[in-house]
Ligand SMILES: Nc1ncnc2c1ncn2[C@@H]1O[C@H](COP(=O)(O)OP(=O)(O)OP(=O)(O)O)[C@@H](O)[C@H]1O
Ligand SMILES: [Mg+2]
């Protein structure tokens, strides 16, 4: 019998060592997502919806903290002060380039929710709300989020399919414009995001998104 | 003392009896004196799987005192070193076995002179099933990769978990605990015994220490049966990971057994699958499983009934 999940530190939560590299952190997060996502065979009957939501939120917090060098340092400091970690356990070489795209060795893993494009297309063509949103001149991150929710696709699924980092996806959807990457990258992301949801015409809609962004700044 | 292997799994048809008979056959083949006990009372069929079509005595004769000693209900099978206590004639359902009879049975099992004793437990979470599962720390859970089967095996694990905690409390103490849990966590707490432990930790720290020690001594195992090509081979270890992280139970993943049409054929012909189809994937898996388990006998504990 061990510690309650809620008492695990971020490293324990993701089953990694305190000196894990960025790549290891990503791989661990990916495999955790596979276990805890709503359609995962492993955990489907084990948790209530509420519990699952809490766990996914915790995992996400853990991931974002550890993947961000500065935040990880602060967090490590807290653990050391609390006597949970020794400073020698934390490798100074925990750095390394963090790429925008996820590195994910595993191919399509069984148990991962797949996006069925025919289903999405049908939903898309029948959903009044979505049609209304994409007919607007101005399109914001919040609109994309709404479309995604209407289609019932989780942000993790988009992340898995497009390999765009989750934090970028969140920043897009929450319109945290100051954090977004350079326009050339961003436009590519938006296009992948739309294609992943089978929203057409992706080119044209992503152009409108970019325009709206420029207007705002 | 014998190694006792209770085999359980919440759902019917997952392959408990097939695995019990196959493991029994492999152990016997290796020259180990092995006894199968069919405790799936009310739905017993283990005798058919080991080719004893007309058992002339069975477990209920011991319960009804027609036969005084449990060892006198043992039947020989056509296979050297493999023996059986059949459940065939039992009009009795396992749920109706009285407490005294159950304790008497557990004590008798502990005294039997065999190297290995395999208990086929049948589906469901009746209290008697839980207690027989807890007859040793080496219980084996069986599930298939279907959500319904996994759901039931989780239910069984939680039921066993709760049953073991219950063991450390008198009726009154447990009532007090239940009340406390209800106060703190609301009404549906009993679906999630792991939440109870948090309360035990706080309110009964000395009991918590005992329970923790107890749980850490278990060597439960999980077998994933009837795996088809498209199923994830990771599933079993992921289940164990969830159980460890969120329930605090150590369950070792013992292996996958492939789905194989020949199992059905062998059962229909009432011949041993391992003998009839030794070169199939499933037969390989079974031998591998047996090898692994023979290397990992945990400490034997007949739990607290003696
Ligand atoms: N590995 C396998 N491949 C193919 N079929 C299998 C396999 N294992 C079991 N089966 C099939 O599943 C059926 C049920 O198996 P079994 O009787 O062992 O289940 P059980 O868990 O004991 O069920 P119950 O709870 O009803 O006693 C068998 O008749 C057999 O046809
Ligand atoms: Mg059976």
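Residue numbers (our numbering), protein chains in the order written: chain S, 161 to 377; chain C, 6 to 311.
Idealized CB from N, CA, C, for every residue including glycine.
Which residue's Cα is closest to the Cα of residue 280 of chain C: C:208, C:55 and C:166?
-> Looking at the Cα atoms, C:55 is the closest of the given residues.
Could one say the Cβ of residue 240 of chain C lies closer than 8 Å to chain S's Cβ atoms, at least one of them?
-> Judged by the 8 Å Cβ criterion, residue 240 of chain C is in contact with chain S.
Cutoff 7 Å; reference residue 86 of chain C; Cβ partners in own chain excluding five residues on either side | Hits under 7 Å: 33, 36, 37, 38 and 39.
Consider the Cβ of residue 203 of chain C: report whether some Cβ of chain S lies at a distance smaller than 8 Å.
-> By the rule that beta-carbons nearer than 8 Å mark a contact, residue 203 of chain C touches chain S.
Please name the residue in S:188, S:192, S:249 and S:209 whose C-alpha comes closest to that of residue 198 of chain S.
-> Residue S:209 is the option with its Cα nearest to residue 198 of chain S.
Using a C-beta cutoff of 8 Å, does residue 263 of chain S count as contacting chain C?
-> Only weak support is given to the placement of residue 263 of chain S: the predicted model assigns it a pLDDT of 44, under 50, and the question is left unresolved by the model.
Got a sec, what are the start and stop residues for the beta strand (DSSP E) residue 260 of chain C sits in?
-> Per DSSP, residue 260 of chain C belongs to the beta strand (DSSP E) from 256-263.
Output the distance between the C-alpha atoms of residue 109 of chain C and residue 291 of chain C, rounded to the nearest integer angstrom.
-> Roughly 33 Å separates the two Cα atoms.
Note down, in chain order, all residues in the region 322-352 of chain S with a beta-carbon under 7 Å from any beta-carbon belonging to chain C.
-> Taking 7 Å as the Cβ-Cβ cut-off against chain C, none of the residues of the region 322-352 of chain S qualify.
Can a CB atom of chain C be found closer than 8 Å to the CB of residue 270 of chain S?
-> For residue 270 of chain S, the predicted structure reports a pLDDT of 46, less than 50, and the residue's modelled location is therefore unreliable. A value from the coordinates is still provided. With its beta carbon less than 8 Å from one in chain C, residue 270 of chain S belongs to the interface.
Quick one: list the residues of chain S neighbouring residue 156 of chain C, beta-carbon separation under 8 Å, in chain order.
-> Close to residue 156 of chain C, with beta-carbon spacing below 8 Å, are these residues of chain S in chain order: 204 and 205.
Classification of residue 257 of chain S by the beta-carbon crowding that lies within 10 angstroms, buried from 16 upward | Legend: pLDDT at residue 257 of chain S = 47, less than 50; position of this residue unreliable, no value from coordinates given.
Neighbouring residues, chain S, relative to residue 247 of chain C (Cβ below 8 Å) | 195, 202, 203 and 206, listed in chain order.
On the premise that residue 225 of chain C lies in contact with residue 146 of chain C, defined as a C-beta separation below 8 Å, what is that separation, rounded to the nearest angstrom?
-> Their Cβ separation, rounded to whole angstroms, is 7 Å, which keeps residue 146 of chain C and residue 225 of chain C in contact under 8 Å.
In chain order, which alpha helix (DSSP H) runs of at least 4 residues are fully inside the region 186-262 of chain S?
-> Residue ranges of uninterrupted alpha helix (DSSP H) with 4 or more members, entirely inside the region 186-262 of chain S and ordered along the chain, are 209-227 and 229-241.
Looking only at C-alpha atoms, which of C:240, C:75 and C:68 sits nearest to residue 99 of chain C?
-> Residue C:68 is the option with its Cα nearest to residue 99 of chain C.
Using 8 Å as the limit for Cβ to Cβ distance, is residue 303 of chain S near chain C?
-> So no, residue 303 of chain S is outside the interface.
Out of curiosity, what's the CA-to-CA distance linking residue 170 of chain C and residue 219 of chain S?
-> Between the alpha carbons of residue 170 of chain C and residue 219 of chain S lies a distance of about 30 Å.
Chain S beta carbons: is any one of them nearer than 8 Å to that of residue 159 of chain C?
-> Using a Cβ-Cβ cut-off of 8 Å, residue 159 of chain C counts as an interface residue toward chain S, since at least one Cβ of chain S sits closer than that to its own.
Report the neighbours of residue 250 of chain C on chain S: residues whose CB is nearer than 7 Å to its CB, in chain order.
-> Those within 7 Å of residue 250 of chain C in chain S are 165.
Among residues of its own chain, excluding the 5 on either side of residue 239 of chain S, which ones have a beta-carbon nearer than 7 Å to its beta-carbon?
-> Correct list, in chain order: 169 and 245.
Return yes when the Cβ of residue 195 of chain S is within less than 8 Å of the Cβ of residue 243 of chain C, no when it is not.
-> Result yes, Cβ atoms of residue 243 of chain C and residue 195 of chain S sit closer than 8 Å.
Which residue's Cα is closest to the Cα of residue 176 of chain S: S:167, S:165 and S:189?
-> The closest CA to that of residue 176 of chain S, considering only S:167, S:165 and S:189, is found on S:189.
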